[in-house]
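Residues are numbered in this note's numbering as their position in the sequence shown, beginning at 1, plus a constant of 1140.
Beta carbons: idealized from backbone N, C-alpha and C, even for Gly.
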Amino acid sequence: MYKITISSILAVLTPCAHGCVDGATPSGNSRGIGSAGNATGGSSGRNVTSGAPSVTPTSGRGDLGGTGTGAGSGPNGLGASSDDSSVPAASVADDASHAVSGSADAGAEASPSPASACAAGADPLKTGDARVDEYDCILLDLAAKYVHPDPMMVKAQIQLESGFNALAISPDSPCGVPAGWTDPESKSFGLIQVTPACGEAQSALLLDGHPNMETNMQSPMWATSVFNPSINLDEGFQTIVGSLRTLQGRYPGCTSAQYVEMSAGAFNSGDESVTGCAAFASRPQGYVNAVLGHYHGFAKSAGWPDPY
């Protein structure tokens, strides 16, 4: 099992040195809130990387309860403040030796990676529901890689974003349609609903700069598909942690639990929608409340600390 240590909790407060997403936030866009099993309105209103295609952002969906549809059946599998000491940090190595650079130091630790330990049966995120536990090992490894203190929060976001449908597609194109792209290419995709049209998922772009939307898991192109859970979740973590670092700098003095909530709200509606320590505009507040509803259930089932 992973130990919750002071050093691992403090690691998340270290300023981001490399690999943080920090760019312009498209105005007027926001991610819709969907119900379990459906994709939501996409990843608009979030930080756009410097290499993003040129787009004219469109307004996000105005309804908090609107849902989209998943593309295909999406096999399960592939196909307000709290004390800092209570924040789960089980995904971070006990010695907090993972750099914030966005890439794990392969030789830095003698202990197994979180994913290896998870695969061996030490899964602290396990709820007992195979559908929602499918990607726990990936979540734990990415939380350690990017130094996110609470992978259970990202798990709860996945439940809200896609209902764990790996092939989910949003109904809207939240950042508009980049020049030369089609509307289907401009949607939000996969478990965490990343949006290449908003400048995300650079690792899932084809040589022509368009998103790799391969859904055939037997195809060689699946390795870099925007739907591939490893690619999709890695890109999602980069966006979430990028916002977390930005908001730590913008609002110093919040608790670790508040920063985690703030990064979730920013994932929905952009960094500018966060107004203080766990304080939001109305839309991201609704999103965070919905995510926390899933979080509380998951944490109770898994015996995971719940500081929210």
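- With 16 or more other Cβ atoms from the protein chains shown falling within 10 Å of its own Cβ, Ala1404 counts as buried.
- The shortest C-alpha to C-alpha distance from Leu1432 to any of Asp1263, Ala1257, Met1292 and Gly1261 is the one to Met1292.
- For the options Ala1255, His1434 and Val1381, the alpha carbon positioned closest to that of His1288 is the one of Val1381.
- If the five residues before and after Val1428 are omitted, its C-beta is found closer than 6 Å to the C-beta atoms of Glu1401, Ala1404 and Gly1405, all from its own chain and listed in chain order.
- Here DSSP, grouped into helix, strand and coil, assigns Leu1373 to helix.
- Boundaries of the beta strand (DSSP E) around Gly1416: Val1414 to Gly1416.
- Taking all protein chains in view, the Cβ of Met1353 is crowded by 16 or more other Cβ atoms within 10 Å, so the residue is classified as buried.
- Bounds of the alpha helix (DSSP H) holding Ser1302 are Pro1291 to Ser1302.
- Taken through DSSP and simplified to helix, strand or coil, Ala1262 comes out as coil.
- Look at Leu1347 here: in three-state DSSP terms it is coil, with no helix or strand label.
- Cβ contact annotation for Thr1415 (same chain, cutoff 8 Å, sequence separation greater than five): Ala1421, in chain order.
- Taking all protein chains shown into account, Leu1280 has 16 or more neighbouring C-beta atoms within 10 Å of its C-beta and is therefore buried.
- A direct Cα-Cα distance of roughly 15 Å separates Ala1259 from Val1272.
- When Cβ pairs closer than 8 Å are counted between the two stretches, the segment 1384 to 1393 is seen not to touch the segment 1347 to 1365, the count staying below three.
- Taking the Cβ atoms as the reference, Glu1375 lies roughly 18 Å from Ser1409, outside the contact range of under 8 Å.
- Distance check between Asp1312 and each of Gln1297, Phe1304, Val1334 and Gly1303 places Val1334 closest, using alpha-carbon atoms only.
- For Ala1270, the number of other beta carbons within 10 angstroms of its own is below 16, and it is reported as exposed.
- Each of Pro1424, Lys1295 and Ile1332 was checked against the Cα of Thr1379, and the nearest Cα belongs to Ile1332.
- Within the same chain, Trp1321 and Glu1325 come within 7 Å of His1350 by CB-CB distance, once the 5 residues on both sides are set aside.
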